[in-house]
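Mapping the sequence shown onto this note's numbering, position 24 (from 1) lands on 15, and the numbers just tick up by one. We put the beta carbon where it would ideally sit given N, CA and C, even for glycine. Being a predicted model, the structure only gives us computed values, none of them experimental. Inspection log for the structure reproduced underneath, given as structure tokens.
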Amino acid sequence: MRVQKVNEHTIRIFISLTELTDRDITMADLFQRSAKTEQLFWELIAQAREEVEFNLDQPFWIQATVAANDEFVITIMKQEDQAEGSVKEKVVRKSSKGRVTELVYVFADLEDVISAVGRLPEFAQLRSSLYEFEKEYYLVLNRMGTGKKRLFAEAILDEYGEIVGTTGVFLSEHGKEIISARAVQILNASFNKTAQSEVL
């Protein structure tokens, strides 16, 4: 198992299928609440506290996603103390197979968005849009798939922005729409013409 600290409120824990098997935990168990998964969770929290000084001292959200054929990513996000309905309220969105279907990242300014998308690898089925809300920029991403390429993309996005739990629907209703579709491609065509997409 390895722990990655995204920021003060979020960590990612990577655990292999072999490690789960050693604990007699199946893929189905991982997406359900049981005594075995609760014990695993607190073991992971203890490891995170020791390795990256992540103390779970407030309400939190947890999501488990498939990263590759033999690895899972467990993301733990502290629930920030904000007003009800806040755009940054953490929400877990999963498909029927337990995979996150939509990712939303917030950026302090448009330059950070442009820099981030300029380094993203290409995704054939990627859908993306860009919104402005309360003087910040929100990039909505769908169909990024799974595997190493997605992890690489998330690492890049984490460098420039912060993952949040709001939805594209909320942003379309309450934010200012800047690019409704193909935001990544349009931004790259407009500002990163000489940039070459990085492919694993």
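Span separating the alpha-carbon of residue i from that of residue j
i	j	result
Glu62	Val97	27 Å
Thr12	Tyr129	38 Å
Ser171	Asp149	22 Å
Met135	Ala37	31 Å
Ile4	Leu162	29 Å
Glu123	Leu31	39 Å
Lys126	Lys27	44 Å
Thr158	Met(-8)	30 Å
Val131	Val160	10 Å
Reduced DSSP secondary structure (H/G/I, E/B, other) of residue i
i	result
Lys126	coil
Glu93	strand
Thr66	strand
Leu35	helix
Val(-6)	strand
Glu75	Confidence is the limiting factor: at Glu75 the pLDDT is only 41, short of 50, which leaves the residue's position unreliable, though a coordinate-based value still follows. Here Glu75 sits in coil by DSSP.
Met117	Contrary to the premise, residue 117 reads as Leu rather than Met in this sequence. Residue state, collapsed to three classes: coil.
Arg40	helix
Thr17	coil
Arg110	helix
Lys85	For Lys85, the predicted model reports a pLDDT of 44, less than 50, meaning its position is unreliable and no value from the coordinates is stated.
Leu132	strand
Reference residue i; option with closest CA among the options
i	options	result
Gly209	Glu(-1), Phe161 and Asp103	Any property of residue 209 remains undetermined from this structure, which presents the chain solely from -8 to 191.
Leu8	Ile65, Thr158 and His0	Ile65
Glu93	Ala115, Glu10, Asn133 and Lys139	Asn133
Arg173	Glu10, Trp52, Arg40 and Gln116	Gln116
Gln54	Val155, Ser119, Val160 and Ile169	Val155
Phe143	Asn183, Arg110 and Glu29	Arg110
Ile2	Gly138, Glu44 and Thr157	Glu44
Asn46	Glu29, Lys69 and Ile169	Lys69
Glu41	Glu29, Phe51, Val(-6) and Asp48	Val(-6)
Leu178	Ile169, Ala99, Asp100 and Ile105	Ile105
Glu145	Leu121, Val108 and His0	Val108
Gly138	Gly159, Val131 and Pro112	Pro112
Leu121	Asp100, Arg141, Phe114 and Lys140	Asp100
Arg118	Trp52, Gln176 and Lys140	Gln176
Buried or exposed by the 16-neighbour rule on C-beta atoms within 10 Å, applied to residue i
i	result
Asn(-2)	exposed
Thr17	exposed
Lys167	exposed
Arg14	exposed
Glu34	exposed
Ile180	Here residue 180 is Ala; the residue named in the question, Ile, does not match the sequence. Exposed is the call here.
Proximity test, residue i beta-carbon vs the ligand ZN heavy atom, cut-off 7 Å
i	result
Arg3	For the ligand ZN, the structure offers nothing, since it holds no ligand at all.
Contact with chain C by residue i, beta-carbon distance below 8 Å
i	result
Glu44	Going by chain labels, chain C is absent from the structure shown, which holds only one protein chain.
Practice item. Quick one: which unbroken alpha helix (DSSP H) runs of 4-plus residues sit fully inside the stretch 137 to 191? Chain order, please. Key: Taking only runs of at least 4 residues, the alpha helix (DSSP H) segments lying wholly in the stretch 137 to 191 are 139 to 151, 159 to 165 and 174 to 182.
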